[in-house]
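J.: For reference, the structure I am asking about is given below.
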């Protein structure tokens, strides 16, 4: 993948967000300091960064596509109230896969989305 200043800005914005921003959020974060940046450029670069394994796409049903820099195996918790997304260790999925393996079933891929209420909203 060829270097571009805009791609570097976009990647750094996702990394620094420490979250799961949408393309629109990345664009909103960068447009003031980079007026020549277009929303289309952000979408194209996020897609390219994901295809090259530098970002992961996060698909939450009913939500726009989001991106993250955490490339480790993990799942997500989505708060029903505030919609914040939190990374969750994949130990639960690992345990489920172990049980299925014991039954002779092989999983090609898995992705778990847990939903509920976060600590802040639960108070």
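Numbering (this note's numbering), first residue to last: 331 to 453.
A virtual CB, placed ideally from N, CA and C, is assigned to each residue, including glycine.
Owing to the predicted nature of the structure, the values given are computational and were not obtained by experimental measurement.
1) My understanding is that residue 446 touches residue 417, with C-beta atoms under 8 Å, so please give their C-beta distance in whole angstroms.
2) From residue 365 to residue 346, what does the alpha carbon distance come to, in whole angstroms?
3) Starting from residue 340, trace the alpha helix (DSSP H) both ways and give me its first and last residue.
4) Let me make sure I understand the geometry here. Which of 397, 348, 420 has the alpha-carbon closest to that of residue 372?
5) Can you have a look at residue 376 and say buried or exposed, based on whether 16 or more other CB atoms are within 10 angstroms of its CB?
6) Under DSSP, the alpha helix (DSSP H) around residue 452 begins and ends at which residues?
7) Please state if the CB of residue 341 and the CB of residue 379 are separated by a distance shorter than 9 Å.
8) Helix, strand or coil for residue 411 per DSSP?
9) Which same chain residues end up closer than 6 Å to residue 407 when comparing Cβ atoms and leaving out the 5 residues on each side of it in sequence?
T.: This is what the structure holds:
1) As a working note, residue 446 is residue 116 in the chain shown. As a working note, residue 417 is residue 87 in the chain shown. The pair is not a contact, with the Cβ atoms about 15 Å apart (cut-off 8 Å).
2) Locating residue 365 in the chain shown gives position 35, where the first residue counts as 1. Locating residue 346 in the chain shown gives position 16, where the first residue counts as 1. Their Cα atoms are separated by approximately 20 Å.
3) For this step, residue 340 is matched to residue 10 along the chain shown. 335-347 is the span of the alpha helix (DSSP H), which, as asked, contains residue 340.
4) Reading the chain shown from its first residue, position 42 is the one you call residue 372. Looking at the Cα atoms, 397 is the closest of the given residues.
5) Position 46 of the chain shown, counted from the first residue, corresponds to residue 376. Classification for residue 376: buried.
6) If you number the chain shown from 1, residue 452 lands on position 122. From DSSP, the alpha helix (DSSP H) with residue 452 extends over 449-452.
7) Sequence index remark: in the chain shown, residue 379 carries index 49 (1-based). Sequence index remark: in the chain shown, residue 341 carries index 11 (1-based). Taking 9 Å as the Cβ cut-off, residue 379 and residue 341 qualify as a contacting pair.
8) Reading the chain shown from its first residue, position 81 is the one you call residue 411. Looking at residue 411 - three-state DSSP - the assignment turns out to be coil, as it is neither helix nor strand.
9) Position 77 of the chain shown, counting from 1, holds the residue named residue 407. So the list reads 416, 418, 444, once near-sequence residues are dropped.
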